[in-house]
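This report concerns only the one structure given below.
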Amino acid sequence: MTSNTDKPKRIYLDEGDDQMIYLDNSATTLKKPESVYNAVTESMKLYGGNPGRGGYRLASEAAERVFLCRELVAKLFSVPTPEQVIFTKNTTEALNLAIKGCLSSGDHVVIGSMEHNSVLRPVHRLTKQGLITYSVAGADATGVVTAQAVKRAMTPKTKLIVINHMSNVCGSISPIEEIQELAKASGIFCLIDGAQSGGVLPLSLTPCSMIAFAGHKGLYGPQGTGGLCIGEEICLQPLTEGGTGSLSAEFDQPEILPDRLESGTLAAPQIWGLYHGISYVLSRGISAILKHEQELILMFRKEVRKCNGVRLYPQVEAEYGGVAAFRAENYDSASFCTLLDEKFGIAARGGLHCAPLAHKTLGTLRGGLVRISVSDFTSEQEMEQAMKGIKALL
108 MTSNTDKPKR
118 IYLDEGDDQM
128 IYLDNSATTL
138 KKPESVYNAV
148 TESMKLYGGN
158 PGRGGYRLAS
168 EAAERVFLCR
178 ELVAKLFSVP
188 TPEQVIFTKN
198 TTEALNLAIK
208 GCLSSGDHVV
218 IGSMEHNSVL
228 RPVHRLTKQG
238 LITYSVAGAD
248 ATGVVTAQAV
258 KRAMTPKTKL
268 IVINHMSNVC
278 GSISPIEEIQ
288 ELAKASGIFC
298 LIDGAQSGGV
308 LPLSLTPCSM
318 IAFAGHKGLY
328 GPQGTGGLCI
338 GEEICLQPLT
348 EGGTGSLSAE
358 FDQPEILPDR
368 LESGTLAAPQ
378 IWGLYHGISY
388 VLSRGISAIL
398 KHEQELILMF
408 RKEVRKCNGV
418 RLYPQVEAEY
428 GGVAAFRAEN
438 YDSASFCTLL
448 DEKFGIAARG
458 GLHCAPLAHK
468 TLGTLRGGLV
478 RISVSDFTSE
488 QEMEQAMKGI
498 KALL
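To convert a position in the sequence shown, counted from 1, into our numbering, add 107.
Structure below.
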């Protein structure tokens, strides 16, 4: 029985916010740098023209800000030219563009066993259509997919490796540089799902790799932002075709990047907000952000291990990002999260997290897990309050 003094107190994240401890940052970061909010409003009010559609000042100013963000993304991921950065509305769209744009009939794909549905579903669909085949490289006990596991899953027809850099379920970190080297040595492409690692882990583009990223998570941009960085040795077929503001008299989609892969009006205000989110990350430093998040997760995992009736996944201690997952005895994971919210104002995510393959790997496909995920704006006090809430329900 928990005494009243041990029960967590609802706290304000910020003045005027609902009383909440937000721990679902793997889905989207809630709290952003103030400059991000200001930039979106500023863009809508002052630079609300359609970027690349017209030579008048308003359109030119909007286009300039889109290009500035493109340059900053290129800097973050070591992309040789800004034109190799393609903006999308999220990581899912970026992954679909990469997967469907580079594969041909008869190709083979290797995916990791910790992949999100944004990888599994397009690959599975192409397989059902009889166009490709795929194999799954299994993760180890810590949820890590090694280069050796990927190599074992390869065949002579392998064209593409798709690998999750950091798991959205449990925070496991796969050795991306080793897998990129394997792809290079094998003469195949490597697609990195950087949805969780962008802004948290160092990540660099290589000539035969692609990086799909989320703008609204660790880069602290608004929802509706994401993108794909494309190595210079890769030529993708467009996912959509239409107006680009360039070569408008031609019936064919332009060959030049980014126009070839960006049809229709871009979300200029959100992209300008993303620019300021990335600026924050670069100013703060990726290593400092990672250190902060890992310290919070390590503290959380240590406290959870002291509790009866709770099991961490993975159980083995290793290097994890800003994510931790557990199962509480006698509770469905979704119900547990509902109670955390209703009783203590704690926002966590239960269920399968759009990653059934990862849960199958962890042995948690039935019932799922409770996931807590932090950001650079999560405080130690919030983590302590969250632990009190979890203990009060046990």
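Just so you know, even glycine gets a beta-carbon here, dropped at the ideal spot from N, CA and C. Note that the structure is a prediction, hence the values are computed from the model and not measured.
With 16 other CB atoms within 10 Å as the buried threshold, where does residue i fall?
i       : result
Ala-395 : exposed
Thr-188 : exposed
Ser-225 : buried
Gln-488 : exposed
Lys-324 : buried
Cys-342 : exposed
Ser-212 : exposed
Asp-366 : buried
Ser-110 : With a pLDDT of 43 at Ser-110, under the threshold of 50, the modelled position of this residue cannot be trusted; read the value that follows with caution. Exposed, because fewer than 16 other Cβ atoms sit within 10 Å of the Cβ of Ser-110.
Asn-271 : buried
Pro-309 : exposed
Pro-361 : buried
Pro-229 : buried
Ile-505 : Any property of residue 505 remains undetermined from this structure, which presents the chain solely from 108 to 501.
Lys-139 : buried
Ala-455 : buried
Ile-239 : buried
Ile-363 : exposed
Ala-246 : buried
Gly-219 : buried
Val-269 : buried
Glu-200 : buried
Are the CB atoms of residue j and residue i within a distance shorter than 8 Å?
i       : j       : result
Gly-518 : Leu-403 : Nothing can be reported for residue 518, as the shown portion of the chain is limited to 108 through 501.
Pro-463 : Val-147 : no
Asp-300 : Leu-368 : no
Leu-397 : Leu-326 : no
Ile-385 : Val-243 : no
Ala-205 : Ala-319 : yes
Val-252 : Met-221 : yes
Gly-260 : Val-192 : Before going further, note that residue 260 is Ala rather than Gly in the sequence given. In this structure, Val-192 does not lie closer than 8 Å to Ala-260 by Cβ.
Cys-461 : His-231 : no
Cys-176 : Trp-379 : yes
What does a CB cutoff of less than 8 Å around residue i pick up in its chain, not counting 5 residues either side in sequence?
i       : result
Ala-254 : Pro-282, Glu-285, Ile-286, Glu-288, Leu-289
Asp-113 : Low confidence applies here, because Asp-113 scores a pLDDT of 43, under 50, leaving its location unreliable; read the following figure in that light. Around Asp-113: Lys-495, Lys-498, Ala-499.
Val-417 : Val-411, Phe-433, Arg-434, Ala-435, Glu-436, Ile-497, Leu-501
Val-307 : Met-273, Gly-325, Ile-393, Ile-396, Leu-397, Glu-400, Gly-428, Gly-429
Leu-389 : Leu-179, Lys-182, Leu-183
Thr-234 : Thr-240, Tyr-241
Leu-419 : Arg-408, Val-411, Arg-412, Ala-431, Ala-432, Phe-433
Ala-166 : Gly-156, Asn-157, Pro-158, Gly-159, Arg-160
Only counting the same chain, and skipping five residues up and downstream in sequence, which positions put a Cβ closer than 7 Å to that of residue i?
i       : result
His-399 : Asp-483
Ser-480 : Leu-130, Asp-131, Asn-132, Ser-133, Gly-429, Val-430
Ala-321 : Asn-197, Thr-198, Ala-302, Gly-305, Gly-333
Leu-446 : Leu-500
Arg-391 : Asp-483
Pro-314 : Gly-338, Glu-339, Glu-340
Asp-448 : Ala-454
Cys-414 : Lys-498, Leu-501
Please report how far the alpha carbon of residue i lies from the alpha carbon of residue j, in whole angstroms.
i       : j       : result
Leu-312 : Ser-185 : 6 Å
Ser-279 : Gly-458 : 18 Å
Arg-412 : Phe-433 : 10 Å
Gly-237 : His-215 : 11 Å
Gly-338 : Ser-316 : 5 Å
Asn-77  : Val-477 : The structure shown has nothing for residue 77, since the chain only spans 108 to 501.
Ser-355 : Thr-485 : 47 Å
Val-143 : Thr-262 : 45 Å
Lys-207 : Leu-298 : 12 Å
Cys-277 : Ala-425 : 11 Å
Arg-164 : Pro-158 : 10 Å
Ile-502 : Gly-250 : The question about residue 502 has no answer here: the residues shown for the chain are numbered 108 through 501.
Leu-153 : Leu-137 : 25 Å
Gly-475 : Met-406 : 23 Å
Gly-155 : Pro-329 : 16 Å
Arg-160 : Ala-248 : 52 Å
Phe-358 : Leu-267 : 30 Å
Thr-523 : Pro-345 : It is not possible to answer for residue 523, since the shown part of the chain is limited to 108 through 501.
Tyr-387 : Met-490 : 23 Å
Arg-473 : Thr-135 : 25 Å
With a threshold of 6 Å on Cβ separation, who are the neighbours of residue i within its own chain once the five nearest residues in sequence on each side are excluded?
i       : result
Gly-331 : Lys-196, Ala-374, Gln-377
Gly-349 : Ser-370, Gly-371
Met-151 : Pro-376
Thr-347 : Ser-370
Lys-450 : none
Leu-227 : Leu-464
Kindly say whether residue i, judged by its beta-carbon, lies nearer than 8 Å to any beta-carbon of chain C.
i       : result
Ile-393 : This model lacks chain C altogether; it includes just one protein chain.
I'd like to confirm something about residue i: is its beta-carbon nearer than 7 Å to some heavy atom of the ligand MN, or not?
i       : result
His-215 : Only the bare structure without any ligand can be found here, which leaves the ligand MN out of the picture.
Segment contact flag, the stretch 191-206 with the stretch 428-444, C-beta cutoff 8 Å, min 3 pairs: No, they do not touch.
Any contact of the stretch 166-173 with the stretch 464-473, i.e. 3+ C-beta pairs under 8 Å? No contact exists between the stretch 166-173 and the stretch 464-473.
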